[in-house]
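Reviewing the structure listed below.
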Amino acid sequence: MLEIKNLHVDLEEEDKTILKGVNLTVEAGKVHAIMGPNGSGKSTLSYVLSGRDGYTVTEGSATLEGENILELEPEERAAAGLFLAFQYPVEIPGVGNMTFLRTAMNAQRKARGQDEISAADFLKLVREKAKTLKIDADMLKRPVNVGFSGGEKKRNEILQMAMLEPKMCILDETDSGLDVDAMKLVAEGVNALRSEGRGFLVITHYQRLLDHIKPDVVHIMSDGRIVKTGGPDLALEVEQNGYADILSEVA
Amino acid sequence: MMAAPQAKLSANQERLAALQLPEGATWATAARGAALDRLRAMGLPERRDEYWKFTRPDSLTQAEAPHAALFDSGAEPEVFDTVDRLRIVFVDGVFDADASDDLSLEGVRIERLAEAGQSDIHWAKDTYGVLEERGQNPVARPLAALNTALATDGVLIHVTGAVSKPINLIYIHKSETSDAILHNLVKLDKGTELTVLENGPAAARFNKVMEVEVADGASFHHVRTQGRDHERRAATHIFARLGKESAFKSFTMTANGVMTRNECVIELTGDDAIAHVAGAAMGDGDFHQDDTVFITHDAERCESRQVFKKVLRNGATGVFQGKILVKAGAQKTDGYQISQSLLLDGDSQFLAKPELEIYADDVACSHGSTSGAIDEDALYYLRARGVPKAIATDLLTLAFLAEAVEEIEDEGLREEINSRLVGWLERRRG
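Listed in order, the protein sequences are those of chains C and Z. In terms of our numbering, the first sequence is residues 1 to 251. In terms of our numbering, the second sequence is residues 1001 to 1430.
Written out as structure tokens, the structure reads:
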């Protein structure tokens, strides 16, 4: 599904190399987790894959189902099936949540040569998906993320994911700022989307999210590289011993 | 008597000296004469005048209207087409009876200035030019005095009861050199309500005044669009006086236009009155649009709001000069003013002069003015969800304008304005 090879990335503003040769393959139907200390490059990886400005790829490649996504505009990556659930979802005053969702959905459908979804079908779909995420009608009507609590913002991200049905989902620190109940709700939303045709890359600092979204593979990232890869147990090891132990072990 | 004969008259002085009033001995002639005297005393606006620093008055004051190419909006439906309204049409400032609806409507008396001005006795006698004259102090507005003196026509509207639909003044531009001067007068009796819609470029150059007298408990709503002709020029003034518990709400959409100066002068003279003025302007390239607003609080517990948003690109210029004056005794005044520009490139500019002058001690007044570019984080977020950059930019532009558009209370009118804004953006998306 997603194949990252020897990816090197510089942060333009500070002329600093953040990713120093990342290798990672996420297969369809699998959930991979990336854990790592702060500053290891986890979020940079998610931004580079989704196409945020300010990063320069100096070496390596990233492909989604064989297509080089690094040369695509952010909207083209989204239409190709890539979705990033933001660590800090952006507030957009003046743009209604529903308008935003429908515009995004139809833009993606158009890019794929599909017909636009009808207003009635869209409404039915969004109500159904919103219900399972406990997103009420008021939240749908309000401007995108404006005045939302941390938990509401993350649920809104998952709602977008559910509506857009991407092939490859990247969740960037989705657990940050969530209490246990909110995290469960978000995890249920994600788990409901797990399917054979869909890959997940879950970026997290802590193990606790992985109690709810069970990963198939866990990677440890440090200083811009994947330094260790293992099964779900690796996450538990981090939880018990911290990163220092693992990092000294691989150093 | 004679000035020193060797002194060379400026172009403005020459023009003032040459101005002549229409002949006649009616009430209107007296009002026109007084206005001409006012104008000659204050002179036409000059670049050095404090309130003309950001906008060059030359093309608005010169004797001949500069040439303005006509604009073809294609098969686009007329603005406010979806609204049931009474249409009154002027072509290059000349009333078009065939294109207009019958002027009779229950609850309101509608007449043309050109006709009413001929009668000996008329309610307008005590109103025409009165608010304009009051509005000359403390800031001179010479183009409005010029209008009162020389207006060739206009509409006099006296609201006495319940009116079933809005009155729509439609200004069509058909001559590349037309110079139209229209003066409208609206008088709302106690407790009455009226909506006036205005649209169209009107002429190569348009000088328009609207005086609005809002009696106690009355409500006046005003929504206008100024026409998409690129080369048209306009200097407009609204003068309004508000009685106790009355309301005045005006929204203007300006799209295109090489020169637009919209002045709005409002006096809150009765307690608990409300005045809202808002504008959404969109300029691309050779565009200069100026909103100059002056709101005087002269009664207790009144509320005023000024909400102005301008989207500027390719070297367009937006100007905002807004003032709130709170007189001594105007306690519990609630004044709000915001002016913002969205600069879509580095060539465009926004010039703002917000002013507060307060002589009462128990008031709440706030004002703010900002210039900014498209929010890059929001743009990335939208694109990351699959929205192409051009559409995402338009969405954010509409979101920026929304605060001004939301000032329009009527949902149908709000939708109409929104669809025009969307159309303007879509045509530029290419």
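Backbone N, C-alpha and C define an ideal beta-carbon position, used for all residues, glycine too.
Secondary-structure assignment with DSSP links Z/MET1259 through a beta bridge to Z/ARG1233. Z/ILE1121 and Z/LEU1150 do not touch by the CB rule: their CB atoms are close to 23 Å apart, not below 8 Å. Shown here, Z/GLY1368 sits in a strand according to DSSP, grouped into three states. Here DSSP, grouped into helix, strand and coil, assigns Z/SER1246 to coil. In the structure shown, Z/ASP1377 falls within a helical segment according to DSSP collapsed to helix, strand and coil. Sorting Z/SER1104, Z/SER1164, Z/PRO1138, Z/VAL1209 by C-alpha distance to the C-alpha of Z/ILE1324 places Z/PRO1138 at the top.
Looking from the CA of Z/ALA1202, the closest CA among Z/ARG1087, Z/LYS1053, Z/ARG1305, Z/ILE1170 belongs to Z/ILE1170.
For the stretch 107-129 of chain C, the set of positions with a beta-carbon nearer than 8 Å to some beta-carbon of chain Z reads ALA107, GLN108, ALA111 in chain order. Under the three-state reduction of DSSP output, C/SER248 falls in the helix class. Under the three-pair Cβ rule at 8 Å, the stretch 1183-1196 of chain Z counts as touching the stretch 1155-1164 of chain Z. Here Z/ARG1141 is buried, its C-beta having at least 16 other C-beta atoms within 10 Å.
Rounded to the nearest whole angstrom, the C-alpha separation of Z/ALA1124 and Z/ALA1204 is 28 Å.
Leaving aside the five residues that flank Z/PHE1239 on each side, the residues in its chain whose CB is nearer than 6 Å to its CB run, in chain order, LEU1131, GLU1132, GLY1135, GLU1211, VAL1265.
Listed in chain order, the beta strand (DSSP E) elements of length 3 or more contained wholly in the stretch 6-44 of chain C are 16-26, 31-35. Cβ proximity to chain Z below 8 Å picks out nothing from the stretch 189-210 of chain C.
Under the Cβ criterion (8 Å, minimum of three pairs), the stretch 124-136 of chain C does not count as touching the stretch 167-178 of chain C. Residues of the stretch 1385-1404 of chain Z with a C-beta less than 9 Å from any C-beta of chain C: ARG1385, GLY1386, VAL1387, PRO1388, LYS1389, ILE1391, ALA1392, LEU1395, LEU1396, LEU1398, ALA1399, PHE1400, LEU1401, ALA1402, GLU1403, listed in chain order.
Taking 8 Å as the upper bound for CB-CB distance, Z/ALA1116 and Z/LEU1146 are not in contact here, some 20 Å apart. When the beta-carbon positions are compared, C/GLY39 and C/ARG225 stay at least 7 Å from each other. According to the DSSP assignment, Z/LEU1188 belongs to the beta strand (DSSP E) that extends over 1179-1188.
Taking 8 Å as the upper bound for CB-CB distance, C/MET161 and C/LEU201 are not in contact here, some 13 Å apart.
By a beta-carbon distance limit of 8 Å, Z/LYS1249 does not contact Z/GLU1403. Their separation comes to about 15 Å. In this structure Z/PRO1166 is in contact with Z/ARG1085, their Cβ atoms being roughly 4 Å apart against a cut-off of 8 Å. A straight line joining the alpha-carbon of Z/THR1055 with that of C/ALA78 spans about 46 Å. Considering only beta carbons, the part of the stretch 31-59 of chain C lying closer than 8 Å to chain Z consists of SER50, GLY51, ARG52, ASP53, in chain order.
Annotated three-state conformation of C/ASN241 is helix, per DSSP. Residue Z/THR1393 holds the alpha-carbon nearest to the alpha-carbon of Z/TYR1380 among Z/THR1393, Z/THR1370, Z/HIS1288, Z/SER1371.
Contact between C/LYS30 and C/ASP216 holds: CB atoms are separated by about 5 Å, below the 8 Å threshold. Residues of chain C whose Cβ lies closer than 8 Å to the Cβ of Z/ARG1383 are, in chain order, GLY51, GLU73, PRO74, GLU75, ALA78. Fully contained in the stretch 1142-1222 of chain Z are the following alpha helix (DSSP H) runs of length 4 or more, in chain order: 1142-1150.
Collapsing the DSSP output to three states places Z/SER1419 in a helix. Take the alpha-carbon of C/LYS153 and the one of Z/LEU1268: they are about 44 Å apart. Put simply, of Z/THR1317, Z/HIS1183, Z/ASP1271 the residue whose alpha carbon is nearest the alpha carbon of Z/ALA1028 is Z/HIS1183.
Annotated three-state conformation of C/ARG208 is helix, per DSSP. In this structure Z/ASP1298 is not in contact with Z/GLN1331, their Cβ atoms being roughly 11 Å apart against a cut-off of 8 Å. Taking the beta carbon of C/ALA62 as reference, no residue of chain Z falls within 7 Å; the closest one sits roughly 15 Å away.
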